[in-house]
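The numbers in UniProt numbering rise by one with no breaks, and the one at position 593 of the sequence shown is 593. Please read the structure below before turning to the comments.
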Amino acid sequence: MAIFVNCFCLERTNQLSLLPDKDLVDLCPPIEPYQVTKNQIESAIFYWEYQTMEPISLIFAALTAGAVAAAKDTAEQGVKDTYQGLKTLIKRKFANDPLAQAMVEAKPEDIKKDEGLLKDKIVEAGVDKDNEITKLAQDLLDKLQEQPGGQQIITQNISLDTDRIFRAWQERLRGAMGQWQKTQGDEGSWLRGAALAEAEEQLKQRPEDISQSEQDFIKRSLQERERIKQAEAARRRREIRTAWRIAAGSLVALVVSTGSGLMAWQKTQQAELNLANARGFSSLSLSDKGKELDTFVEAIKAGKTLQKQHKYDTEVTNEELPEFTSSVISVNFSPDGRTLVSGSWESIKLWNVETGEEIRTLQGHDGWVYSLNFSPDGKTLVSGSWENIKLWNVETGEEIRTLQGHDGWVHSLNFSPDGKTLVSGSDDNTIKLWNVETGELIRTLKGHDSTVLSVNFSPDGKTLVSGSDDGTIKLWNVEKGQEIRTLKGHDGWVHSLNFSPDGKTLVSGSQDGTIKLWNVETGELIRTLKGHDSYVLSVNFSPDGKTLVSVAGYDKTIKLWNVEKGQEIRTLKGHDSYVLSVNFSPDGKTLVSGSQDGTIKLWNVEKGQEIRTLKGNDDNVADDYVTSVNFSPDGKTLVSGSDDKTIKLWNVETGELIRTLQGHDSDVWSVNFSPDGKTLVSGSGDGTIKLWNVETGQEIRTLQGHDSYVTSVNFSPDGKTLVSGSVDGTIKLWNVETGQEIRTLQGHDDYVRSVNFSPDGKTLVSGSGDNTIKLWNVETGEEIRTLKGNDSSVYSVNFSPDGKTLVSGSYDGTIKLWNGSTGKEIRTLKGHDSTVYSVNFSPDGKTLVSGSYDGTIKLWNGSTGKEIRTLKGHDSPVWSLNFSPNGKTLVSGSRYNTIKLWNVETGEEIRTLREHDDC
């Protein structure tokens, strides 16, 4: 397979985009030829196909139409054989996936129902299908068209499928509209990327089925896209250059030639091109602050995205592709060494060095905070981002003023030694001097042919040094603004520059992987230090000038050097991704480093040991959910389960974390205390159930038996029996003492999302994706009755405290109350704008609570069904809700690993708990 060399650049918006422009090719270093496996290419193509929803919809149309046709006596043998071949192929490709196995044997209506789930499974698997499935699906449809009545079968199934997709899309649209309204039209809540492209197409195809308010939302999103497109066009060249200069913009190349043409990925604008007709460059957009990059990585789990840069032969596996918006781009100590500042995407954080605790977060920038520095007296902080510089009061955290004048990213900022002047370097190729007190521009220095990446004052404040991606270093007279001399010697951009404390020596770090020491007076090169395996991003002298510290891109290391000898002292390792910034404390005893892994580390310089790790610059990307929350029977402890695979115990009164339980290999879907409060049970996406000792936090045993995710687990009222529900469609009863399975209950046609015992422990209730609720006899395992009335999946079911009433929450946004004895529906409660994930009665049975995808919690009168109040505070879907045993407090779990405690009587939020981290 021939490999064509070109490059991807990671832009400010964290999109992987191809650079076809010939005039931009020189911005990207050449790449040595390397091998990309066919599996990787096909997996990536498959993900692209999923985004367009064309070939996969074709597969499901073929499955549904084929199932109908093959069942007919008049069906031709060729149709039956091809349909069987398609099923066999899918079964082989997804041999370990029970959902896929069930799908190929399902009835047409079941296939439609689970289509979305299987699509997700397909994307997760990253299957190497070599287009076999698509080809066979198309062959089946072709055969059907040739058969009498075949076209009618196809049309019926595709039209039904299209309508289902439309309804599902409309539900997502309404959720997005709700979020937009909640944020009062915040620009970040407009439709974007693939979501906007889909909405635009639906608006063209079915305007009569889309309300006026929905149409207005789509049209305004389109207008916003056009505005952004025009603004980005002007910035594109600068941002591409910028990407190459930060570690987050490290080279990613994957342009492949096959006999039928070139496959590659460009920007989102070209996503509508049909893959089958692609000749030349098509595209895959990974937007929305890098989140789709995670999906891409998941889609090619088995494959490796190879990254190479000129002169380096470094492989980067998919585990090394980071959550870019969590990256800590810049870190610095205050002059007294007591405070630390870190910069990330749109946020700045101040930390207490001694305790490691966060002091406060400063927000105001609209993008990466590339540069941060304290004034010499430590009272003022300066930060640089896109086209502006901000000055902040360190004590209060308030913004003092914004300086504007640069036409691009501000990469470097420094105060003069007397604190009266500020210098800034930008990708508009200029250096600017500012009056700190007034914020006025003093002068602009021009001379570099490209972006200015680093600027610094000499210790006496009379000289300036600047480094650029034109590969040069320039010394300037501050008073006159004139260039003194240009230093040349690096083979790539110069990213970092610093004077020695005595001002006689200059150190520079470059893209060429070297560190150079220069004589400031003569401009001569003293020596070159080599040792890093990638480009050098940051270099600094220790306060005594005897030691140097440096960090590089790919190698994730920090190196200490002896300045006099030019020898490496030691290498510090500990970060899981690129180290982007490093600095000495004022006393020279401590180092601080910021990394793309989202962490800040403090190091003992003398010993080379890590002191502590600070986490906190991940507010924009912590995308884990608290999936389940519950109070202990005495109400003093809270348990939470998250899709970060952990379980956490909390002190309800103080909100402090007691301990974290780890052991599951996947998301924790459900957690519950035993009636005596001594044992915990957890159900996970790894298919297992675990029992834990609450006091010690130790695992007691693991129960295995389900073939897929365990979505719900609960103890019987006497604590002797466990019930579990799973995506495999079964319910299992377990002996708590022995861990042995008692029996399996089967009857649902889809996944079981919720299971609960009645207060007397004699009856079980289950809610399923088949839209039904079932009641079961616990002793015999027999089904008592099925409750029907929901139009879509049932996500949550619970008994009232007296066992006479049932409540259910559904995908259709409704809550239903049922008579537990007769199975008849009592009433339907409406008020949520989207899926109801969790419903529960208060301990006295008088109040109902519901949590929804719309981000709200609602309290209802259990007798009348009237809404009491709506609790707002979560920014994302509310997954789990529970009352405290006394009914006075409510706990809710949501996205971003947020847990909230609420006062039931007043509806006021008591506190927010947040400690889960992605493991």
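From the three backbone atoms N, C-alpha and C, an ideal C-beta is built for every residue, glycine too.
State the CB to CB distance for the pair residue i and residue j, rounded to an integer number of angstroms; the pair is presumed to be in contact (CB under 8 Å).
| i | j | result |
| --- | --- | --- |
| Gly767 | Arg753 | 5 Å |
| Val755 | Gly725 | 4 Å |
| Val539 | Leu548 | 6 Å |
| Lys732 | His706 | 7 Å |
| Thr557 | Leu572 | 7 Å |
| Ser330 | Ser550 | Actually they are not in contact, since the Cβ atoms of Ser330 and Ser550 sit about 16 Å apart, beyond 8 Å. |
| Thr730 | Gln746 | 6 Å |
| Thr451 | Asn429 | 6 Å |
| Leu722 | Val713 | 6 Å |
| Val694 | Lys678 | 6 Å |
| Gly545 | Asp512 | 24 Å between Cβ atoms; not a contact. |
| Asp802 | Gly845 | 6 Å |
| Gly683 | Arg659 | Not a contact, Cβ separation roughly 20 Å. |
Smallest Cα separation from residue i: which of the options?
| i | options | result |
| --- | --- | --- |
| Leu703 | Thr696, Glu695, Ser716 and Asp686 | Asp686 |
| Gly439 | Gly761, Val549, Asp449 and Phe415 | Phe415 |
| Phe883 | Trp902, Glu867, Lys866 and Ser894 | Trp902 |
| Glu346 | Val353, Glu354, Thr380 and Lys390 | Lys390 |
| Phe715 | Glu737, Lys888 and Glu224 | Glu737 |
| Glu905 | Ser842, Glu201, Leu445 and His490 | Ser842 |
| Glu354 | Asn393, Lys379, Ser585 and Leu372 | Ser585 |
| Thr514 | Gly873, Leu661 and Trp493 | Trp493 |
| Ala176 | Leu350, Lys349, Leu433 and Asp216 | Asp216 |
| Thr637 | Asn388, Glu653 and Leu403 | Glu653 |
| Lys816 | Asn861, Val394, Asn630 and Asn735 | Asn861 |
| residue 966 | Ile658, Gly78, Gly907 and Tyr83 | Summary: the structure shown does not reach residue 966, with the chain confined to residues 1 through 919, and so no result is reported for it. |
| Phe631 | Ser670, Asp407 and Asp597 | Ser670 |
For residue i versus residue j, is the C-beta spacing smaller than 8 Å?
| i | j | result |
| --- | --- | --- |
| Gly343 | Ser375 | no |
| residue 927 | Pro459 | What the structure shows of the chain is the stretch from 1 to 919, and residue 927 is not part of that stretch, so it cannot be assessed. |
| His448 | Ser426 | no |
| Ser593 | Ser577 | no |
| Lys858 | Thr847 | no |
| Arg220 | Asp833 | no |
| Thr463 | Thr486 | no |
| Thr835 | Gly865 | no |
| Ser640 | Trp650 | yes |
| residue 924 | His490 | Shown here, the chain extends from 1 to 919; a query on residue 924 therefore has no answer. |
| Arg225 | Leu196 | yes |
| Thr889 | Ile899 | no |
| Leu413 | Asn373 | yes |
| Pro885 | Gly635 | yes |
| Val507 | Phe457 | no |
| Trp392 | Leu362 | yes |
| Val765 | Val797 | yes |
| Val891 | Val629 | yes |
| Ala552 | Leu537 | yes |
| Ile431 | Val394 | no |
What residue range is occupied by the uninterrupted beta strand (DSSP E) comprising residue i?
| i | result |
| --- | --- |
| Thr889 | Thr889 to Ser894 |
| Lys690 | Thr688 to Asn693 |
| residue 941 | Since the first and last residues shown for the chain are 1 and 919, residue 941 lies out of range. |
| His365 | Glu358 to Trp368 |
| Trp345 | Trp345 to Asn352 |
| Thr646 | Thr646 to Asn651 |
| Asp407 | Glu399 to Phe415 |
| Lys866 | Lys866 -> no beta strand (DSSP E), and no H or E assigned at all. |
| Asn429 | Per DSSP, Asn429 belongs to no beta strand (DSSP E) and is neither H nor E. |
| Gln746 | Segment: none, Gln746 is in no beta strand (DSSP E) and carries neither H nor E. |
| Ile526 | Leu525 to Leu529 |
| Val394 | Premise fails: Val394 is in no beta strand (DSSP E) and is neither H nor E. |
| Lys571 | Per the sequence shown, residue 571 should be read as Thr rather than Lys. Gln567 to Leu572 is the extent of the beta strand (DSSP E) around Thr571. |
| Lys732 | Ile731 to Asn735 |
| Val671 | Val668 to Phe673 |
| Tyr795 | Val794 to Phe799 |
| Asn477 | Thr472 to Asn477 |
Self-check item: Three or more C-beta pairs below 8 Å linking the segment 867-878 and the segment 602-615
Solution: no
Quiz item: Does the segment 776-785 come close enough to the segment 795-807 that 3 or more CB-CB pairs lie under 8 Å?
Solution: no
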